[in-house]
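In this note's numbering, the protein residues as written are 95 to 255. Note that the Cβ used here is the ideal one computed from N, Cα and C, for glycine as well.
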Amino acid sequence: MKPGHLNLLLTLVFLLFINYDAHTQTRNDGILFLFLRMEKNSIALDSTKVSSGKIKDHRSKSVKEGWLRYEWVAKDGRKIGESALPDPRLTTTRLEYEDPEVPGTIKTVAVAQDTVRFVLRIPFDEEVAQVSFYQPLSPAGKTQRQEEKIGSISIKMEEFK
């Protein structure tokens, strides 16, 4: 075989390997960032972003007291995944200021926020159509989970193609 033919053959094999590798990647290669806003019991999607990488499975899937459960589903209603996170509505801002009555003394006050912004990461999946959020109604540890749906957000995955 001539050296030119060998180079051409190696180049073709390399290009085929790259093309094959790109098509065999799993649909979960990537992270979907959801930039969310919560006001009382309503959830709104401010923006989305897709990034490369994989999410480490460090979130608890069990709903603890003061946590929310969320699930992402496909257009046909099939659940793709679920997880839980601390309820962002329970976040307070701590403010410190000098006490005007006693100079040199610092006072602290916790202020609850009406609007909370937070970021949620889920594995990228082309089938994701909706993310729904639930809060527990029954105390933690009950065998039968009772919960109330807080809200859902729709995801337009065609924006990422």
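Judged by DSSP secondary structure, Asp140 falls within the beta strand (DSSP E) whose first and last residues are Ser136 to Ser145. Inter-residue distance for Val203 and Glu195 is about 16 Å (C-alpha atoms, whole angstroms). Residue state for Pro217 is assigned as strand, using DSSP reduced to three classes. Sequence-distant Cβ neighbours of Ser246 in its own chain, meaning closer than 8 Å and more than five residues away, are Ile137, Gln224, Val225, Ser226 and Phe227. Rounded to whole angstroms, the gap between the alpha carbons of Glu159 and Pro230 is 8 Å. Where Ile244 is concerned, the enclosing beta strand (DSSP E) starts and stops at Glu241 to Ser248. Sequence-distant Cβ neighbours of Trp166 in its own chain, meaning closer than 6 Å and more than five residues away, are Ile174, Gly175, Ile216, Val222 and Val225.
In the DSSP assignment, the residues bridged to Gly175 are Trp166. Using a 10 angstroms sphere on the CB of Arg183, the tally of other CB atoms reaches 16 or more, which defines it as buried.
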